Amino acid sequence: MKFLSVNKDEPWSIQKHTRPEPTDAFGVIEFEGLAHPTKAQYLRLSYDTRPDLVLKLFLRVWNLKLPRLVISIDGGIANFELQPKLKRVLKKGLFRAAKTTGAWIITNGCQQGVVKHVGDALFARSPKAKSDIVCIGFSPWGVVEGRENLIGINKLVSYHSKALATKNNATLNSNHYYFLLVDNGTSGRYGGEILLRKRFERFLLKQTNAQT
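FYI, the numbering for the sequence shown is 8 to 219, going by my numbering.
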């Protein structure tokens with residue numbers, strides 16, 4: 008997104024004051040500071056990108072197979088402790104569902120709330136377990152901590168995922184292999200990814216249903 012000039016008396020809007028341009032941020036994130044460093048593909052894209060183009064990215068560029076099941080996980084940004092028993096249930100059930108069905112797990116990709124617990128539960132077993140599961144983050148570009156370092160073409164970026172989310176920014180969760188960083192022109196606001204994510208999930212479900 009490119010910002011356009013704003014008349015001081017005119018309310019700011021995405022449609023009037025931003026202009027889409029070819030993406031300037033894609034490559035590989037290398038998560039550091041972990042017992043087992045991991046890597047993830049990333050791409051910055053507009054909130055109104057067509058869902059079929061997003062699917063082509065996954066299938067033709069990132070070479071994924073169409074899933075048989077889509078698991079969409081929503082949750083707020085509030086951080087909380089998960090009871091050990093519930094954590095064990097989440098770990099066993101979600102891991103089994105994802106691994107045996109060839110599912111895609113879709114989240115907001117941030118190190119916060121439910122998403123953090125899901126990532127921890129899925130991949131606590133071993134690094135190898137992670138490589139067998141497709142976990143995708145649709146993250147709001149305007150709140151991603153260190154996003155300025157992600158700008159570049161075919162870039163390899165070192166990234167630390169230790170910090171938890173705050174009101175205005177969040178770090179990316181290291182238990183994801185793919186990140187779509189959705190830009191709607193806003194900064195410091197959550198929710199910019201929701202429209203594209205929901206449209207993509209509906210489109211993806213139609214494709215998975217068509218293959219059964």
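The beta-carbon is built from N, C-alpha and C at its ideal position, and this holds for glycine as well.
Only a predicted model underlies this, so the values are computations on that prediction, with no experimental measurement involved.
> If we ignore side chains and look at the alpha-carbon of each, how far apart do lysine 123 and serine 181 end up?
Replying inline: Distance from the CA of lysine 123 to the CA of serine 181, rounded to the nearest whole angstrom, comes to 9 Å.
> Alpha carbon to alpha carbon, what distance is there between arginine 154 and asparagine 248?
Replying inline: Residue 248 falls outside the range modelled here, since the chain spans only 8 to 219, and no answer is possible.
> With 16 as the cutoff for other CB atoms within 10 Å, does threonine 114 come out buried or exposed?
Replying inline: By the Cβ neighbour-count rule, threonine 114 is buried, with 16 or more other Cβ atoms within 10 Å of its own.
>> Would you call the segment 175 to 189 in contact with the segment 141 to 157, where contact means no fewer than 3 C-beta pairs closer than 8 Å?
In response: Output reads yes: the segment 141 to 157 touches the segment 175 to 189.
> Between leucine 62 and phenylalanine 210, is the Cβ-Cβ spacing less than 8 Å?
Replying inline: Yes. Within cutoff.
> isoleucine 160 and alanine 110: beta carbons closer than 8 Å?
Replying inline: No Cβ-Cβ contact shorter than 8 Å links isoleucine 160 with alanine 110.
> Looking at the unbroken beta strand (DSSP E) that takes in alanine 32, where does it start and where does it end?
Replying inline: Per DSSP, alanine 32 is one residue of the beta strand (DSSP E) stretching across 32 to 39.
>> If the criterion is Cβ atoms closer than 8 Å, does the pair phenylalanine 207 and proline 58 meet it?
In response: Yes; because the gap between Cβ atoms is below 8 Å, this pair is in contact.
> Looking at the unbroken beta strand (DSSP E) that takes in phenylalanine 210, where does it start and where does it end?
Replying inline: In the DSSP assignment, phenylalanine 210 falls outside any beta strand (DSSP E) and within the unbroken alpha helix (DSSP H) covering 201 to 217.
>> Which residue wins for smallest C-alpha separation from glycine 120, given the options Ile158, His167, Ser194, Ala177?
In response: When the alpha-carbon of glycine 120 is set against those of Ile158, His167, Ser194, Ala177, the nearest one is in Ala177.
> Looking at C-alpha atoms only, which residue of Pro147, Tyr166, Val125, Lys162 is the closest neighbour of asparagine 175?
Replying inline: Distance check between asparagine 175 and each of Pro147, Tyr166, Val125, Lys162 places Pro147 closest, using alpha-carbon atoms only.
> Between glutamine 218 and threonine 107, what straight-line distance do the alpha-carbon atoms span, to the nearest angstrom?
Replying inline: When rounded, the distance between both Cα atoms is 17 Å.
>> Spatial neighbours of leucine 163 within its chain, please: C-beta separation below 7 Å, excluding the five flanking residues on both sides.
In response: Counting only Cβ-Cβ distances below 7 Å, and skipping sequence neighbours, we find Gly34, Val35, Glu37.
>> Mapping the DSSP letters down to three states, classify tryptophan 148 as helix, strand or coil.
In response: Three-state result, tryptophan 148: helix.
> By how many angstroms is the C-alpha of cysteine 117 removed from the C-alpha of phenylalanine 87?
Replying inline: Here the model assigns phenylalanine 87 a pLDDT of 45, short of 50, so the residue's position is not dependable, and the following value carries that caveat. Straight-line measurement puts the Cα of cysteine 117 at about 14 Å from the Cα of phenylalanine 87.
> Taking the Cβ atom as the reference point for each residue, do valine 189 and tyrosine 49 lie within a distance shorter than 8 Å?
Replying inline: Cβ distance not < 8 Å, so valine 189 and tyrosine 49 don't count as in contact.
> Using a Cβ-Cβ cut-off of 8 Å (strictly less than) and excluding sequence neighbours within five positions of threonine 215, which residues of its own chain qualify?
Replying inline: Its chain contains Leu73, Pro74, Arg75, Leu76, Val77 as the residues whose beta carbon lies nearer than 8 Å to that of threonine 215, once the 5 sequence neighbours on both sides are disregarded; these appear in chain order.
> Just reading off the beta strand (DSSP E) that aspartate 190 is part of, what are its end residues?
Replying inline: For aspartate 190, the enclosing beta strand (DSSP E) begins and ends at 185 to 190.
>> Just to confirm the assignment, what range does the beta strand (DSSP E) spanning asparagine 162 have?
In response: Going by the sequence as given, residue 162 is lysine instead of asparagine. 159 to 167 is the span of the beta strand (DSSP E), which, as asked, contains lysine 162.
> What separation, rounded to the nearest whole angstrom, lies between the Cα atoms of tyrosine 105 and leucine 71?
Replying inline: At residue 105 the sequence reads alanine, which differs from the tyrosine that was named. Straight-line Cα distance between these residues: approximately 15 Å.
> Under the three-state reduction of DSSP, which class applies to alanine 105: helix, strand or coil?
Replying inline: Here alanine 105 sits in helix by DSSP.
> tryptophan 111 bridges to which residues according to DSSP?
Replying inline: Looking at the DSSP output, tryptophan 111 sits in a beta bridge with Val77, Val141.
> Which stretch, first to last residue, makes up the beta strand (DSSP E) that contains lysine 46?
Replying inline: DSSP places lysine 46 in the uninterrupted beta strand (DSSP E) bounded by 45 to 53.
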